[in-house]
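Some notes on the structure that comes next.
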Amino acid sequence: MKKALKNLQIEVSAFCGMRCSFCPRNLFSFKWKQKNMDLGLYRRISKVFPSVEYVHLQGWGEPLQNPDLQEMIRIAKENGCKVGLTTNGVLIDDKMAEFLLESVDRITFSLGGAPRKLMKE
1 MKKALKNLQI EVSAFCGMRC SFCPRNLFSF KWKQKNMDLG LYRRISKVFP
51 SVEYVHLQGW GEPLQNPDLQ EMIRIAKENG CKVGLTTNGV LIDDKMAEFL
101 LESVDRITFS LGGAPRKLMK E
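For the sequence shown, position 1 (counting from the first letter as 1) is numbered 1 according to full-length UniProt numbering, and the numbering increases by one without interruption.
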């Protein structure tokens, strides 16, 4: 069956520990709500997943800040979606790396907030 939607981007966390100069979070920090998407809302959104080809978890926050991220990825995969996420990588430990390598189809690393010295390496 052909999927109705090719891509769906979902921001599962508005938390981020970086201070990237280009990020609107810094300009509007007084208005930015620091919160994670709760699993109940994600489950309601997931009702459209059977008609979606690819779910990408990203936004202006760091998806790894959401404690339900692994379950969210499982839900998308169980619904036949390819899954990707964009991360700064700061919160990836060995256990999370193993999970992501086994579960996610695409990982994009955002290096915009990394120190200049690190980017040269």
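For every residue, glycine included, the Cβ atom is placed at its ideal position computed from N, Cα and C.
- Buried is the label assigned to Pro63, since at least 16 other Cβ atoms lie within 10 Å of its Cβ.
- Between Ser110 and Arg43, the alpha-carbon positions lie close to 27 angstroms from each other.
- Excluding sequence positions up to five before and after Val48, its CB lies within less than 8 angstroms of the CB of Leu5 and Leu8, all in the same chain and listed in chain order.
- Within the same chain, Cβ atoms closer than 8 angstroms to the Cβ of Lys82 are found at Glu53, Tyr54, Val55, Asp105 and Arg106, the five residues on either side in sequence being excluded.
- Straight-line measurement puts the Cα of Gln58 at about 16 angstroms from the Cα of Leu41.
- By the neighbour-count criterion, in which 16 or more other beta carbons inside 10 Å mark a residue as buried, Leu91 falls on the exposed side.
- Contact annotation, Ser46 with Ile75: C-beta distance approximately 5 angstroms; criterion of less than 8 angstroms satisfied.
- For Ile10, same chain residues with a beta-carbon under 7 angstroms away, outside a window of 5 residues either side, are Ile45, Val55 and Leu57 in chain order.
- Residue environment: Leu69 is assigned as buried (16 or more neighbouring CB atoms within 10 Å of its CB, all protein chains considered).
- Thr87 counts as buried, since no fewer than 16 other beta carbons sit within 10 angstroms of its beta carbon.
- When the beta-carbon positions are compared, Phe15 and Gln65 come within less than 9 angstroms of each other.
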